[in-house]
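Worksheet: one structure, shown below.
Numbering (this note's numbering), first residue to last: 3 to 123.
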């Protein structure tokens, strides 16, 4: 059986990643809320005509929150698979993962405030 080309492997990888992103959005309530907030903030960016630098910061903030939320979901799914029953150590791992989401969410909210409060006032 011939080895698949580098390009074919990359295309398949992108397909798997796209499938994962769709699964994440379809199955996780927290991601649905965050995607909604991302859409609202993107609309606000157009409405307030934010600068290129502000767009870069906003896009980065949205991407990091969604990405870390995806990783948090993966950690939770793996932890539940490994130990379906309550376990203090698994709870500790899941709490740390959720804490990471909270930290980037707070930082992203601060970025949003820095961008939009002056424009609103």
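Where is the CB? At the ideal position from N, CA and C, for every residue including glycine.
Use the C-beta contact count for residue 68: other C-beta atoms within 10 angstroms, 16 or more gives buried, fewer gives exposed. buried
Round the Cβ separation of residue 95 and residue 77 to the nearest angstrom and send it over; I've been treating them as touching at under 8 Å. 7 Å
Tell me whether residue 29 is buried or exposed, calling it buried when 16 or more other Cβ atoms sit within 10 Å of its Cβ. exposed
With distances taken Cα to Cα, identify the nearest neighbour of residue 122 among 80, 52 and 98. 52
CA-to-CA distance, residue 10 to residue 90, given in whole angstroms: 43 Å
Own chain, CB closer than 8 Å to residue 44, minus 5 neighbours either side, in chain order: 60 and 64
Quick check: the Cα distance between residue 14 and residue 7, rounded to an integer number of angstroms? 11 Å
Measuring alpha carbon to alpha carbon, tell me which residue in 120, 75, 113 and 35 is nearest residue 22. 75
Taking the CB atoms as reference points, tell me whether residue 71 and residue 32 lie closer together than 8 Å. yes
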